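Engineer:
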Amino acid sequence: MINKRVFHLDNPITHQYIKHPLTTLTQFNRNPRPWHMPLFVAFAISFPVMIGAYLSDLRMGLLASLGAMVILNLPYTGSLLSRMTTVLACSFGMVACFAVGLVAHNVPILTIPLMFFVTFWCTLFSRYYKLPPPAGLFIIMASAIALFMPAPVSQIPQLIGVVVLGTLFAGMVACFYALLLIYNKPVLPVNTSMPVREILGDTLIVSAFIALSLLLALWLEMPKPYWVPMSCYVIMQGMNFQSMWGKQIHRIVGTAIGMLLAWLLLSVHLSDMGVALGIFGMMFCIETFVVRHYGVAVIFITPLTIFLAEYSAVQPTAISEIIVTRFWDTVLGCLMGVLGGIVILSPIVRQKLQVIVDKVVAKLPI
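Here's what the structure looks like:
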């Protein structure tokens, strides 16, 4: 017989996993970031699209904008050298992961192993150096998009070069902005790195679930399977199950509303320069709201990622199909992320995995 008290709003479980997450949908946090930060980020990411629009090659402008996403990894602590070293490392990772994704597109059997490999090293690097969100999200996203990008082998060097130009421009903007931050505020100590043995187990679980989510999407024959592991990765960035569960609700609700915004933007058939200005506006809103209200930020993240990954190939008759497909991709990815969160936070799994990790680490010179 079902205990009705379990579903009562005063029940601790109901309050923790239903009432509290729904309450956070109407709560806004304080903004710890300087007001000019969203402006610099939006400019760095949208300017390559403006150049592409001016040269009548929007597709390449959008691709360069994907490379410019590395500016989101600019740390707000440490010296100029440490900050730019992080941006440089993320730029190298972005280019390398995008390149191997393009190559692996022609060898389908490498799709799942490559997704595991890329996620493992991006997650390990992000956790070792305590990079804040989005951490390695857009690096993994670049690799995932490249895995399903139909490009002839002869065009691969050109596509890689465009991403390189995007990372270079973002690096220049990041350097200027870092100098501005250091000039206005004293240099804060950089976050210390974490021991490898403490993060290796979690990294393996995250990588396994990202690969499994992509495998599930391929098995279900989803048209754009790379959105599933992206949603899964975002959810598994939570520090505890409650934060993962709350982020899942924010992401699903935000995606549903963001789908309407994406449908509206795709339906009005923006000019190339209009697309660039739209990306500037969406990126500004994302960086303004992401630390204040994740759900509101997702409303703008949804159309932004559709623009970056699919706008140049969108057919007017396929707009509704793209919107619906993206929503179900997000739902499936969120469910996989929560399932991964249950596993990664399980004391039994962590204890057994840590024993194996300790044995492996003991034999390595790290």
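Residue numbers (the working numbering): 919 to 1284.
Even glycine gets a Cβ: it sits at the ideal position worked out from N, Cα and C.
These figures come from a predicted structure and were not determined experimentally.
Could you check which residue in G1119, G1196, M1154 has the C-alpha nearest to that of S1278?
Structural biologist: To locate residue 1278, count along the sequence shown from 1; it is residue 360. What sits at residue 1278 in the sequence shown is Val, not Ser. Nearest C-alpha to V1278: G1119.
Engineer: Please classify G979: does DSSP put it in a helix, a strand, or coil?
Structural biologist: Locating residue 979 in the sequence shown gives position 61, counting from the first residue. It is helical.
Engineer: So which of Y1212, S1072, N1102, T1004 has the shortest CA-CA distance to F1043?
Structural biologist: Position 125 of the sequence shown, counted from the first residue, corresponds to residue 1043. Nearest of Y1212, S1072, N1102, T1004 to F1043, Cα basis: T1004.
Engineer: Is there contact between the stretch 997–1012 and the stretch 1048–1058, where contact requires at least three CB pairs shorter than 8 Å?
Structural biologist: With a cut-off of 8 Å, the stretch 1048–1058 and the stretch 997–1012 count as touching, because enough Cβ pairs lie within range.
Engineer: Sort L957, D1276, R1268 by Cα distance to V1091 and report the nearest one.
Structural biologist: Locating residue 1091 in the sequence shown gives position 173, counting from the first residue. The shortest Cα separation from V1091 among L957, D1276, R1268 belongs to L957.
Engineer: Distance check for H1023 and D1247, CA to CA, integer angstroms please.
Structural biologist: For the purposes of this step, residue 1247 is taken as the residue at position 329 of the sequence shown. For the purposes of this step, residue 1023 is taken as the residue at position 105 of the sequence shown. Using only the alpha carbons, I get a separation of about 20 Å.
Engineer: Would you call the CB atoms of M1177 and G1251 closer than 8 Å?
Structural biologist: For the purposes of this step, residue 1177 is taken as residue 259 along the sequence shown, with counting starting at 1. For the purposes of this step, residue 1251 is taken as residue 333 along the sequence shown, with counting starting at 1. No, the Cβ-Cβ distance between M1177 and G1251 is not below 8 Å.
Engineer: Of the residues I1241, I1175, M987, which one's Cα is nearest the Cα of P1051?
Structural biologist: Residue mapping note: residue 1051 aligns to position 133 of the sequence shown, counting from 1. Of the listed residues, the one whose Cα sits closest to P1051 is M987.
Engineer: Quick check for students: name the residue ranges of the alpha helix (DSSP H) that lie wholly in the stretch 1155–1212, counting only runs of 4 or more.
Structural biologist: If we require 4 residues or more, the alpha helix (DSSP H) runs fully inside the stretch 1155–1212 come out as 1159–1185, 1190–1207.
Engineer: Among residues of its own chain, excluding the 5 on either side of L1253, which ones have a beta-carbon nearer than 7 Å to its beta-carbon?
Structural biologist: Your numbering for residue 1253 matches position 335 in the sequence shown. Around L1253: no qualifying Cβ.
Engineer: Could you give the residue range of the alpha helix (DSSP H) that holds G1089?
Structural biologist: In the sequence shown, residue 1089 corresponds to position 171, counting from 1. From DSSP, the alpha helix (DSSP H) with G1089 extends over 1074–1102.
Engineer: Closest to W1137 by C-alpha separation, out of P1070, T1029, T1041, would be which residue?
Structural biologist: Within the sequence shown, numbered from 1, the residue matching residue 1137 stands at position 219. Residue T1029 is the option with its Cα nearest to W1137.
Engineer: Of all the options G1196, L1099, V1021, which has the alpha carbon lying nearest to the alpha carbon of S1072?
Structural biologist: Position 154 of the sequence shown, counted from the first residue, corresponds to residue 1072. Of G1196, L1099, V1021, the residue nearest in Cα terms is V1021.
Engineer: Look at the alpha carbon of I1224 and the alpha carbon of A1180, and state the distance between them as a whole number of angstroms.
Structural biologist: Taking the sequence shown and counting its residues from 1, one reaches residue 1224 at position 306. Taking the sequence shown and counting its residues from 1, one reaches residue 1180 at position 262. Between I1224 and A1180, the C-alpha separation is close to 8 Å.
Engineer: If you drop the 5 nearest sequence neighbours on each side, which residues of the same chain put their C-beta closer than 8 Å to that of I891?
Structural biologist: Any property of residue 891 remains undetermined from this structure, which presents the chain solely from 919 to 1284.
Engineer: Here's a check: name, in chain order, each residue in its chain whose Cβ is nearer than 7 Å to the Cβ of L998, leaving out the five neighbours to either side.
Structural biologist: Within the sequence shown, the letter at position 80 stands for residue 998. Only A1096, L1097, I1100 meet the Cβ criterion.
Engineer: Measuring CB to CB, does A1135 end up less than 8 Å from V1152?
Structural biologist: Here the question's residue 1135 lines up with position 217 in the sequence shown. Here the question's residue 1152 lines up with position 234 in the sequence shown. The answer is no: Cβ separation not under 8 Å.
Engineer: The alpha helix (DSSP H) with E1139 in it runs from where to where?
Structural biologist: Within the sequence shown, the letter at position 221 stands for residue 1139. Per DSSP, E1139 belongs to no alpha helix (DSSP H) and is neither H nor E.
Engineer: By how many angstroms is the C-alpha of I1274 removed from the C-alpha of I969?
Structural biologist: Your numbering for residue 969 matches position 51 in the sequence shown. Your numbering for residue 1274 matches position 356 in the sequence shown. If I take the Cα positions, the gap works out to 51 Å.
Engineer: Provide the residue span of the alpha helix (DSSP H) that contains L998, from first to last.
Structural biologist: Within the sequence shown, residue 998 is the residue found at index 80, counting from 1. 998–1022 is the extent of the alpha helix (DSSP H) around L998.
Engineer: Within a Cβ cutoff of 6 Å, which residues of the same chain sit near I1078, ignoring the five residues on either side of it in sequence?
Structural biologist: Residue mapping note: residue 1078 aligns to position 160 of the sequence shown, counting from 1. Same-chain partners within the cutoff: A1017.
Engineer: By DSSP, does N947 sit in helix, in strand, or in coil?
Structural biologist: On the sequence shown, position 29 is the one that residue 947 refers to. Coil at N947, not helix or strand.
Engineer: Quick check on this structure: which residue in C1093, Q1166, I1175 has the alpha carbon closest to the alpha carbon of V1256?
Structural biologist: Locating residue 1256 in the sequence shown gives position 338, where the first residue counts as 1. Selected option, being the one with the closest Cα: Q1166.
Engineer: I need the boundaries of the alpha helix (DSSP H) containing A960, first residue and last residue.
Structural biologist: Sequence index remark: in the sequence shown, residue 960 carries index 42 (1-based). Unbroken alpha helix (DSSP H) run through A960: 955–972.
Engineer: What do you reckon, are the CB atoms on V1261 and I1123 nearer than 8 Å?
Structural biologist: Position 343 of the sequence shown, counting from 1, holds the residue named residue 1261. Position 205 of the sequence shown, counting from 1, holds the residue named residue 1123. Cβ atoms of V1261 and I1123: closer than 8 Å.
Engineer: Within a Cβ cutoff of 7 Å, which residues of the same chain sit near L990, ignoring the five residues on either side of it in sequence?
Structural biologist: Taking the sequence shown and counting its residues from 1, one reaches residue 990 at position 72. Counting only Cβ-Cβ distances below 7 Å, and skipping sequence neighbours, we find V959, P1052, F1056.
Engineer: According to DSSP, simplified to helix, strand and coil, what is V1214?
Structural biologist: As a working note, residue 1214 is residue 296 in the sequence shown. Helix, per DSSP.
Engineer: What's the C-alpha gap between S1131 and C1150?
Structural biologist: Within the sequence shown, numbered from 1, the residue matching residue 1131 stands at position 213. Within the sequence shown, numbered from 1, the residue matching residue 1150 stands at position 232. About 7 Å.
Engineer: Determine whether the beta carbon atoms of L984 and G1084 lie at a separation below 8 Å.
Structural biologist: In the sequence shown, residue 984 corresponds to position 66, counting from 1. In the sequence shown, residue 1084 corresponds to position 166, counting from 1. Going by C-beta atoms, L984 is nearer than 8 Å to G1084.
Engineer: Could you pull out every residue in the same chain whose Cβ sits closer than 6 Å to the Cβ of E1205, ignoring the five residues on either side in sequence?
Structural biologist: Counted from its first residue, the sequence shown places residue 1205 at position 287. The answer, listed in chain order, is P956, V959.
Engineer: For the candidate residues H1187, L1086, M978, A1126, whose alpha-carbon lies nearest to that of V1013?
Structural biologist: Looking up residue 1013 in the sequence shown gives position 95. If we check each option's Cα against that of V1013, L1086 comes out closest.
Engineer: Tell me whether the beta-carbon of F1218 lies closer than 8 Å to the beta-carbon of M1191.
Structural biologist: Numbered from its first residue, the sequence shown carries residue 1218 at position 300. Numbered from its first residue, the sequence shown carries residue 1191 at position 273. Taking 8 Å as the Cβ cut-off, F1218 and M1191 do not qualify as a contacting pair.
Engineer: Return the residue from the list E1139, K1281, V1208, I1117 that minimises the CA-CA distance to Q1269.
Structural biologist: Here residue 1269 refers to the residue found at position 351 of the sequence shown. If we check each option's Cα against that of Q1269, I1117 comes out closest.
Engineer: Could you give the residue range of the alpha helix (DSSP H) that holds A1064?
Structural biologist: Within the sequence shown, residue 1064 is the residue found at index 146, counting from 1. First-last of the alpha helix (DSSP H) with A1064: 1055–1065.
Engineer: Please classify Q1155 as buried or exposed, where buried requires at least 16 other C-beta atoms within 10 Å of its C-beta.
Structural biologist: Along the sequence shown, read from residue 1 onward, the residue named residue 1155 stands at position 237. Classification for Q1155: buried.
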